Every structure is written in structure tokens, then in C-alpha cells.
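**Q** First, the structure itself, so that you have it in front of you.
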Amino acid sequence: MRFAGLDLLAYGHFTDRRLAFTPGETDLHIVFGPNEAGKSTARRAVGDFLFGFPTQTDLNFVHAYNALRIGARIEAGEAEIEAIRKKGRKNTLLDAEGNAASRLEADLERQLAGADRAFFTRMFSLDHEGLRAGGETLAAADANADTALLSAGSGLADVLAEREALMAEADGLWSPNVSQNRRYYQAEARLKTADADIREHEVTVGDWQRRREAFETAETHYETLAERRRELNHQWRELERIRRVAQPARRYREIEAELSELGETPALDPAARPTLASARENIESARAAIASIQEQIARIDTEIETLTDDPALREAGESIEQLAEQRGQIAADRERIAEIEREQARLANALAHDRAELGGRDDNAEWPTAATLAQARRLATDQATRRQSLDHAARNLDAARDADTRLATEAQTLGAAAEISALEAWLTAAAREGDLEAELRNAQANVDRLDRDIERRLTALKPAVADSDTLATLDVPTRARVDEFETEITDASEARKRHQQRVDELTDEVERARDALARRRADEALPSAEALATTRVQRDACWQLVRRRYVEQRERDLFDDADTPKLDKATEKNPADAFERSSQAADELADARFDHAEAIAQDAERQRHLAEREQALEQATARRDEAKARLDGLRTEWTSLWFTTELEPASPSAMRDWLDRRDAVLDTRADRIDAQATRDDLAARIDAQRAHVAPQLVELGVDENQTAHASLAILIEHARQFVEREQRRRDERRRIERERSEHANRIDTLQNEHTQAETALADWQQRWRRALDELGLDTVLDAEAGQAALDVLDAGREHARQSRELAAEHADLVDRQSRFETRLAHVLAATGHTANDNEVAEQSVQRLSTALRDAQAQHQRLQTRAADRVAHRDKIAEHETTQAEAQRRIDTLCRQAGVADATALETVIDRAERRQALVNEHTATSQTLTDQGDGQPVKDLVAAAEASDLDSLREQIDALADQLADLDTELGPARDARNEARAQFEAIGGDDRAVTAAAERQTALADMQDAAERYLRVGTAALLLKWAGQRYAMDKQRPLIERGSALMNQLTGGSFERLTGEFDDRDELQIVGVRSDGSRVAPPGMSEGTRDQLYLALRIAAIEDYLERATPLPVVADDLFINFDDERAMAGLDVLAGLAEKTQVLFFTHHQHLRDMAAARLGDRVQSHEL
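As C-alpha cells, this is what we get:
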């Protein structure tokens, strides 16, 4: 089965994205996508199409749940399935029209052949994390070949961790070694504690009743004393409260009286006094501030009269500032004009010198342009290039002719070729055969290993057998018969143990019941029915004697009751007194039994329970004896079953393991026979190869002594060296012929180049003469002299250009200076100033700037002082407003107090403040009464204090304190007596601890049973997992290791030649890698990347093994080569390409270089797709 196409119609962030997987030479497809392109999403789509969407998915961030769709076209032989998978609970596979298609669902399930998502992911999905986990499993300390092969073959990378977890859980449940860290022994300890508590806390009814009555009496006495103390304490607290509030209550009344005297005082604001003081202060401070400001105004007026102003100069200020800014430029222009005039004189002299150098060139003649001069310079430079080209062509032509002569000499030296085609064919065939001698050594090592394995397994057999041949001839019972006996003996043994356990439990129960019954009877002394019956018989016998002696007045005769008990001599002597005593004793016993009817009934019930337990014990003992007899009989039959083998059998489980070990020995014996046959076949093939190649080597010149006793590998090496030597000579001849042909063509080309170089040099000479003529120079000048003349022309042209530029700059500077002087004259006229005769224009501008700054400063000061005068007037107005506002506040307070002036106002404020102080004290006193009055109303507290006799209050409090002290003295012993009675009552079991202990006992038994059952499940699971690994390794060890060896060699680039099995110190078979030098490396000694490659080799070998017997499914790989270098990554791609010849391989990656490397390495063997 393969995917011909995958359509991401509405899946994750994809919409209508289609991938077509057309097979090439192989069915390997690389799906490339950079980060966030959806590589992982596309990989998940394969599983979601095959097995349906999971119930919860995080791929609905673009498309809604009900809109998710994946389409695919699957090819399986001649059949083809084209369908769409939707998100849903049922009927999720649709046809092309979007209708539910149960037929397509059935076809797809048939192609999957029972594979589910978990199996597909485990078996056919390969990723970096899986390789890492598998490599760690191979390197684990407890890993062996069984674990490694099961992990790689099934895809269960964590099989070792799972087995260790099961074993750890089983060890935490139970082990033969007792430990309180194990659940079973923890529950057993609780069971023993509960049994001890049950024995300790059993109690009799009579003793319990007596101690309970003593406890109730002591508690009643204690509560009576405590209640009396509470009453006295209440009275003491009331008197103590009156004593505390007496003084605050008296002050409370005094404050109320003083407040009534101040009742007519007006209520003023508490801030009245500060307000009055503040207002008076504001009026005085405003008056002083106004006087100070008026003095400052007078000083300002005096200063204003001294200041002057120049409006005309200030109006021309902008023009003066512009002239001041230009002043520095005009001064620099004066210096520049002088400098230009000096430079013009120098340039005139230089031009005259240039014309003289050129032979008296006319002063009016135009200088050549820069382009003309540059063209002439390039032409002069070309002379050297033309001459170098001619010399280079000549040297190359001579070198090519010399090389052709040397190659001809080498060809003659090589001589004729030898015929090696037959030897090459033999080497190719030998390479296909592989390293037969290494295989022979491996085969011999395998035979030796199997011999050791057989010997080791025979040693482990208990009972022992001499050799494997004898073991094969033994007539042993069938496994079914052994299992049958194991079941029967186990059942019989369990039955015996179960019955013995029941006997032990019942024995304990009977002993406990007897002890409890004896203790209760001893404690309660209940009158028994037997004692009552005996007393009544005694009474009746006395009555018969009294009636016979005193009523009937006769002696005893034969007609009297023979069963009448014999009376003692005292009774015979005085039967009347004896009758009275016995009657009274019988009545007392009858009354006592009536009074203790409930206890007697309980005693009878316990006696009945004891009888039932004793009967159950007898029955359990009988069943135990029967089970033991059956177990002994089965063991006898089990021993006779092995009579013909002359072995002393162990238990059935041990003999079943013995049979397994016997089967393993016989399987190893069969493997040894096969290995010996393989070894012999390899030896014969090696001899045939040697007989074939040795004569050929001798014929080709190899010394016969070197081949007579040489190994096949040495013969192959001789043949390979001879073939390589002849191939090198053949390649050398071909190289010489190819190079001579190339040299002939090169000689022709170089001859043409030499002719072209001569022609180019002649053409240059003609163009050089024409250029000199155009420049007015002598045409006979060579290139070097022409270069010097060109330099003079260039210098003269540059001097003329500089002279023109300086003249233009001189005219501009003179014009700018004239404009500056004109503007200065206009400003002087407008401001009434004149220029001095002995100063230049720049100095006049500087003088005007100084005058302008003085005029502006005088004007600014005048404006500032005028503004200050206005601001002072505003402040005077503000202070006058403050005075008025302060006076208004004083008037308001006078109106509130009802007085006419501020002097009377102060008196009213004093009375108002006193009244407010009394109100505050009244409130505080009320709060004090509330705090010290235990929550009683203030009026009630004041009334109680006034109604009390405060003089005798102290004496009443002291009397109550004495009574409380006496009660405290009595309460201590009463409390101790109550606590002692309670302790005695609780010590005898007055609570439910015996019942609690019984419940805890049942809980402990349940926990023990649960731990035992859980141990059986978990321990069996761990053992089955180990057996599964061993069984899988027995079936798959050889094909997986053989195929894995080839893949490992390919993945590691030959670093590891093969894989093999080797026993470690624990006698466990380990998979190890063998290098080409024979050294062995176990997985823990490999690098992390190499362990990944080992696990990948075994996984692919397992997939190939599966494909040989089942319908192929596509393999999905995701960035496997993160820990691979480029060379091993390419080897990994080769391995995947080989796997793709058997089934489809979809390789997802986000590494561009991997895709490029695959395309370069595999070509048409790989198809590339991009998301």
C-alpha cells in the first residue's frame, strides 16, 4: 500500500494543498518545508487519514472542527482507493462527492490488515526523538540483546523502562525479604497492632458500669462546686464594677452641673480665636507692606527721569546688524583680492615656461582638450601591452611544443597493455561473495559459541543431564501433562495452606473467646443456672426430709425418691434450719439471676459462639487433613511420571522451566548442527576460489611461492593490486593520448595568437604617429618621449584654466565690496552719524553696532522700570483687599458672639472654649464609664454608684473574694477526682477502641489481599515482558543482526564492519559493534550519534523483516539525521532509498541542504516536494 497523493483540503493552516507522490526508480519522497511551513502538520495528516481524526485536535485554528478535511489516493496492487476523511464520530470516510462511503472504509481497513494508529506509529514512524530514546535503551545498564531487539523490532523504545517500572512496583508490594517499605508488610504490621488492641481493650459489663457510676458522681460534685463559684463570681464582679466607676460617675454629675451654668453661651466655631488673631495680624502686615511699596515707587520714578532714548538708531537696527554680519566677510575679501593678484602673476610665468618647453608655442593657440590628451595617453600605454602580448605568445608556443615532445617520450616508456578482463571478472564475483574467510571465522566462532551455550545451558539444568545427545533421547512428559500436574499440585497446596490458615485463625478465635469468657465470668461473678439448680435440689431434699420427719413422721423407705441427693450430717440432724437456709440461698440466686438477666443472656450468647467456633475448628482440621493427604498423593504420582527418565523431578513449575531450558538446549543443538554445516560449506567455497585464482596470478607473473599457501584474502589482494596497476597504466596511456591531442590543438591556437600579436603592434605604431601630428608634436617621438610632451601640454592647459577662474573670482569680490560701502553710507545718513576719514568701512560698521547696543539697553531698562511701577501699584491694591477681608472676618465673629467690638469678643470666646472643653470631658467620661462598666448603660452605672454604700463596698468585695478562695480550694481536689475517675473509665475501654481495632483489622486484611493480588498481576506482567523479549530474540536474533550488520556498516561508512552477539559479565547476550580491526564496542561505549545509527539499522531491519510476510505500509520519517554528519546523513539517505525499493518512504525535513544533498546523491531515485 502506498500514497499516490495527499490532499490537505482543510487541515491546520493548509487549504487545498495537494501533494502528488509519483514513484521514480524508488518510492522515496522528500517533503521539504522551512520552519512554520507545516511539515509536522503534513506528517500528522498521514495518520489522521488512515485512522481518522482523534477526538480532540489542535488543528482547528483556521478551519472549524466540522470543516476539517484530508483527501488521499492510495494504491494497493491493482486496487485504488480515493477518498476524503472528515472530522467526526462515525461515517468519516467520504467519496469524491462528499457522501459517506462504507465500502471505501472497508477497503481501507482490509488494506491496513488490522493495523491501528498505535501499531503504525510504533512500527512505521521514525523520528529523531524515537532514535534518541532507542539509543538510550540500547546503552542502558540493564539492556541486553533481548531488550535491544524487542525495542528495535517493535518500536517500543521504552520497553526497558516499562519493565523496570513493573519490577520496581512489584518490589514495593512484596518480597521474601521483610521490609516495612513494602505494602504487604505494612498491612501485616497494622493487622498485628489491631489484634493487640482488641485483646487490650475488651471490657466486662460489671466493671464498666461501676467505673462509669464513679465517674458520673465525681463529675456531678465538680459541676455543683463550679456553679456555686460562678454565682459568687458574678456578685463579686458587680461590686467590683461599682467600685471602678464610682469616681468617673461622680465627675460625670459635676460636668453636667457646670454645663447647665454655661447654657446661654453662644456656640462659636472652635477656630474663632485663631481666626481673630489671624485677621488682626493680616491687617497690620498689609499696612506695613503698603508703606514699603510706596517708597519703592518713588525710587523708580527718580530712575526713569535719568534714562534717554534714540528712536532713529533703533529703527535702523536691522540694517546695522546685517552690515555687522557682513563685516567679517568684507575683511576676508580684502585679503583674498590681494592673494588672487599674487597667484595671477605666478600663473602667467608658468604659462610662459610651458610654451617654451613645447618649442615656442603661439600665445593665442588653444590648448588641447582633456579628452584628446587622455586618448593620446591610452594610446601610449598600449605600446607596452602590445609588446607583452607578442612576447607571451612566443613563450607559450615554445612551451606547448616542449610538452608535446615530453608526452611522446612517456608513451614510449609505458609499453604494451596486459589482458586482465578475466581477473577483473573474478574479483567482481569474489566481491559479491563477500569476505568468505571472515564468514568462516564467524561461523567457527558461532559453532564455538553454540558449544559454550550448550555447555552453559546443560550446567544450568537441574536435575542435570550428561550431554545434549542424551537430553534429546529422554522420554519426558508433555508440557500439557506438566501444566496439569502443576495446576493440581498448586491447587492442592493452596487448599492445604488455605485450610491450615483457617485452622490457625479458628484456633486463635477459640482461644480468644475462651479467655474473654473466663475473664468476664471472673469479673462479673454471675450466678449460673447450674448453681441455682443445685441449690433448689438441696432445698427440695431438705423439704422432703422435713415433711417425712415432722409431717408424715416416718423414716426413709424404699418408696422414697432414689435420686434424692445425700444430705450431710448437720442437715440430717437439723433439717428445718437447713431447709430455711437452702430456700433463702435459692431465692437469692433466683433474684440475682433476674437482676443480671441481660448479662446472663450475653454470657449464654458468648458460650454459644464459643461452641460454634470449636465446631468450626474441628471441621477445618478435618478438611486440612484431607487436603494434605491429596497433596501427598499428587506428589507421589508426579515422581512416578518421571520414572523412565531416571531423573529426580523438582516441582512442576521448576520442571516446566527445566523443559523450557531443555527446549533451549535442543534448539541450540540444532543451531549448532546448522552452524557446522555452514562452516563446512564456507571452507569448500574458499578452497574452490583459491584453486581458481592461483594459476591466473602465476600466469600473470606473480611468484608461485607467494600463492601456494596464501590465504584467499592475500590472493584477492594480489589480484586487486595487479588489476589496479594495469588499470593505472591503461589510464595513463589514455591520459597521454588525450593530452597530446589537446597539445596539438593548443599549438595551432598559439601560432595564431603570435601572428595576431605582431599585426596588433604594427597597427599601434601607425595610430601613434597620427596622434602626435594632431597634437602638434614631432611624429618621430617614441612612447616614452611622447608621454613627457603630453605631461607638459596637460600642465599648460591646467595653468590656463586656473588663470581664468581667478580672474572671475576677483571681479566678484570687488563688486561685493562696493555694494557693502553703498549700504553703509545710507545707514549713516539715516541715523545722523558720519564716517571718519581715517577708518575703513568695517570700522564704521563696528562703531554703529556699539551705539545700537547702548540705545537698545537704555530703551529696555525704561520699559522694565515702567512695568515695575505698574506691578507695585497692583500689589498695593491686593494688600488693601487683604485688609478689608480681615476686617470682614472680625465683624462676622462679633455678629456670631452678639458683641459690638473685638474686646468683648475675646470674653465670649473664652466662655465658648470652656463650654467646649466640658463637652469633650463629658464625652470622655462617658466613654470611660462605658469601657469600665462591662457594657452596662451609663445612666444605670451612675445610678448604681449613687445608690451604693461606697464606704462598705470594700468590705463586701473582700468577703466575696474569701468565699471564692474557699471554693477554689475545694474545686482542685474535685477536679482531680473527676479526671482520675474519667481516666479509669477510659482506661478500661469505655470508648469504642476495641470496635475501631476490629475495623482496622479487617482493613489490614483487605490491604494485604490487595497487595498480594496486585503483586501477582504486576510481577507476572514484568516476567511476561521479559519472556516476550527472550522469545522475540530467539525468533529474530539471526535475521535482524545479519541485516542490521549490513545497514550499520553502510550507515557508519565502514567504521563498523558488522554486528554480533557477545556474552557480558552477567552472562547476558549483548549486541556489540565490530570494527574493521576486530575491536568490539558495546552500545554504552558508542557516541550518541552512533547509537542512533545502530538503533536505526535494527529498526529498518525489523521493518524489512515485517514486509517479507505482511502487506507493506508506507514508512513516515521525520528529520532522522539531526545527529548525523553530512557523510553519514548521505549514507542514511542511501539506506532509506534501499528501503523505498520495498515500500513507500515519506521523509519530512526542514533542512534545505539535506534535500539538495539527496538530489545530488540519489538523482532519479528520490522525488522532492515542497510545502
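Mapping of the sequence shown onto the UniProt record's numbering: position 913 corresponds to residue 913, and the numbering continues sequentially without gaps.
Beta carbons: idealized from backbone N, C-alpha and C, even for Gly.
Keep in mind the model is a prediction, meaning the values are calculated, not measured.
(1) Taking DSSP as the reference, what is the three-state secondary structure of Gln787?
(2) Assign Phe61 to one of three DSSP states: helix, strand, or coil.
(3) Give the secondary structure of Ala800 by DSSP, where H, G and I count as helix, E and B as strand, and everything else as coil.
(4) Following the continuous alpha helix (DSSP H) through Asp402, name the residue where it begins and the one where it ends.
(5) Rounded to whole angstroms, what is the Cα-Cα separation between Gln501 and Arg624?
(6) Taking DSSP's pairing of strands, which residues face His29 in a bridge?
(7) Can you name, in chain order, every residue of its own chain whose Cβ lies under 7 Å from the Cβ of Phe49, other than the five neighbours on each side?
(8) Among residues of its own chain, excluding the 5 on either side of Ile1100, which ones have a beta-carbon nearer than 7 Å to its beta-carbon?
(9) If you draw a straight line from the C-alpha of Leu517 to the C-alpha of Phe485, how long is it?
(10) Is any non-hydrogen atom of the ligand FAD found closer than 7 Å to the C-beta of Phe1056, if you look at the structure I gave you?
(11) If we require 4 or more residues per run, which alpha helix (DSSP H) segments fall completely within the region 655-723?
(12) Go ahead and label Val551 buried or exposed: buried means 16 or more other beta carbons lie within 10 angstroms of its beta carbon, across all protein chains shown.
(13) With 16 as the cutoff for other CB atoms within 10 Å, does Thr850 come out buried or exposed?
(14) In chain order, what residues of the same chain lie with their CB nearer than 7 Å to the CB of Arg1165, ignoring the 5 residues before and after it?
(15) Can you tell me which of Ala578, Leu532, Lys569 and His63 puts its alpha carbon nearest to the alpha carbon of Trp543?
(16) Which residues in the same chain as Asn446 place their Cβ atom closer than 7 Å to its Cβ, once the five residues preceding and following it in sequence are excluded?
(17) Using the three-state DSSP reduction, which class does Ser175 fall into: helix, strand or coil?
(18) Who are the near neighbours of Asp1156 in its chain, counting only those whose CB is closer than 8 Å to its CB and skipping five residues on each side?
(19) For the candidate residues Asp660, Asp402 and Leu712, whose alpha-carbon lies nearest to that of Arg685?
(20) Taking the alpha carbon of Arg479 as the reference point, which residue from Leu641, Ala691 and Asn91 has its own alpha carbon closest?
(21) If distances are taken between C-alpha atoms only, which option among Ala20, Phe53, Gly135 and Arg89 comes closest to Val1120?
(22) Can you tell me whether Arg287 is buried or exposed, with buried defined as 16 or more other CB within 10 angstroms of its CB?
(23) Measuring alpha carbon to alpha carbon, tell me which residue in Leu1016, Leu700, Asp1125 and Glu1104 is nearest Leu1051.
(24) Mind checking Ile304: buried by the 16 CB within 10 Å criterion, or exposed?
(25) Which whole-angstrom value is the C-beta distance of Pro1083 and Arg1091, which I expect to be below 8 Å?
(26) Kindly indicate which residue of Gly1078, Ala1158, Arg853 and Ala981 has the alpha-carbon position closest to the one of Glu321.
(27) With distances taken from CA atoms, which of Ala165, Gly98 and Gly47 is nearest Ala1021?
(28) Assuming Val62 and Gly12 form a contact by the criterion Cβ under 8 Å, report the distance between their Cβ atoms to the nearest whole angstrom.
(29) Hey, how far is the Cα of Thr265 from the Cα of Val908?
(30) Under DSSP, the beta strand (DSSP E) around Val1115 begins and ends at which residues?
(31) Can you tell me the Cα-Cα spacing of Lys90 and Glu1127, whole angstroms?
(32) So the candidates are Leu893, Ala904, Glu980 and Leu941; which of them puts its Cα closest to the Cα of Pro270?
(33) For the alpha helix (DSSP H) holding Asp301, just list the boundary residues, first then last.
(34) Output the distance between the C-alpha atoms of Ala157 and Leu1016, rounded to the nearest integer angstrom.
(35) Is it the case that the Cβ atoms of Ile716 and Leu397 are separated by a distance below 8 Å?
(36) Taking all protein chains shown into account, decide if Gly1078 is buried (16 or more other Cβ within 10 angstroms of its Cβ) or exposed.
**A** On the basis of the coordinates in this document:
(1) Helix, per DSSP.
(2) For Phe61, the secondary structure class from DSSP, reduced to helix, strand or coil, is coil.
(3) For Ala800, the secondary structure class from DSSP, reduced to helix, strand or coil, is helix.
(4) Looking at the DSSP string, the run of the alpha helix (DSSP H) that includes Asp402 is Ala370 to Leu414.
(5) Pairing Gln501 with Arg624, the inter-Cα distance amounts to about 9 Å.
(6) Looking at the DSSP assignment, His29 forms a beta bridge with Leu1146 and Gln1167.
(7) Within the same chain, Phe49 has close Cβ partners Ile70, Ala72 and Arg85.
(8) Leu1047, Val1135 and Leu1139.
(9) Computed Cα separation, rounded: 47 Å.
(10) For the structure depicted, the ligand FAD is absent and the ligand set is empty, with no information on it obtainable.
(11) Correct list: 704-708.
(12) By the 10 Å Cβ count, Val551 comes out exposed.
(13) Thr850 is exposed by the Cβ-count criterion.
(14) Result list for Arg1165: Gly24, Glu25, Thr26, Leu28 and Ala1137, in chain order.
(15) Check the Cα spacing between Trp543 and each of Ala578, Leu532, Lys569 and His63: the tightest is with Ala578.
(16) Closer than 7 Å at the Cβ level, and outside the excluded window around Asn446, lie Ala675.
(17) It is coil, neither helix nor strand.
(18) Excluding residues within five positions, none has a Cβ falling inside 8 Å.
(19) Ranking Asp660, Asp402 and Leu712 by Cα distance to Arg685 puts Leu712 first.
(20) Cα-wise, what sits closest to Arg479 is Leu641.
(21) Just to set this straight, residue 1120 is Leu in the shown sequence, not Val. Considering only alpha carbons, the answer is Gly135.
(22) Per the 10 Å Cβ criterion, exposed.
(23) Residue Asp1125 is the option with its Cα nearest to Leu1051.
(24) When all chains shown are included, Ile304 counts as exposed.
(25) A Cβ-Cβ distance of about 6 Å is found for the pair Pro1083 and Arg1091, placing them in contact under the 8 Å criterion.
(26) Measuring from the Cα of Glu321, the nearest candidate turns out to be Arg853.
(27) Out of Ala165, Gly98 and Gly47, Ala165 has the C-alpha closest to the C-alpha of Ala1021.
(28) About 7 Å; that satisfies the 8 Å criterion.
(29) Just so you know, the alpha carbons of Thr265 and Val908 end up roughly 7 Å apart.
(30) Annotation: the continuous beta strand (DSSP E) that includes Val1115 extends over Val1115 to Asp1118.
(31) Between Lys90 and Glu1127, the C-alpha separation is close to 48 Å.
(32) Of Leu893, Ala904, Glu980 and Leu941, the residue nearest in Cα terms is Leu893.
(33) From DSSP, the alpha helix (DSSP H) with Asp301 extends over Ala272 to Thr306.
(34) Confidence at Ala157 is low in this model, with a pLDDT of 45, below 50, so its placement is unreliable and the value that follows should be read with caution. Distance between Ala157 and Leu1016, taken at the CA atoms: about 26 Å.
(35) Contact: no.
(36) Classification for Gly1078: exposed.
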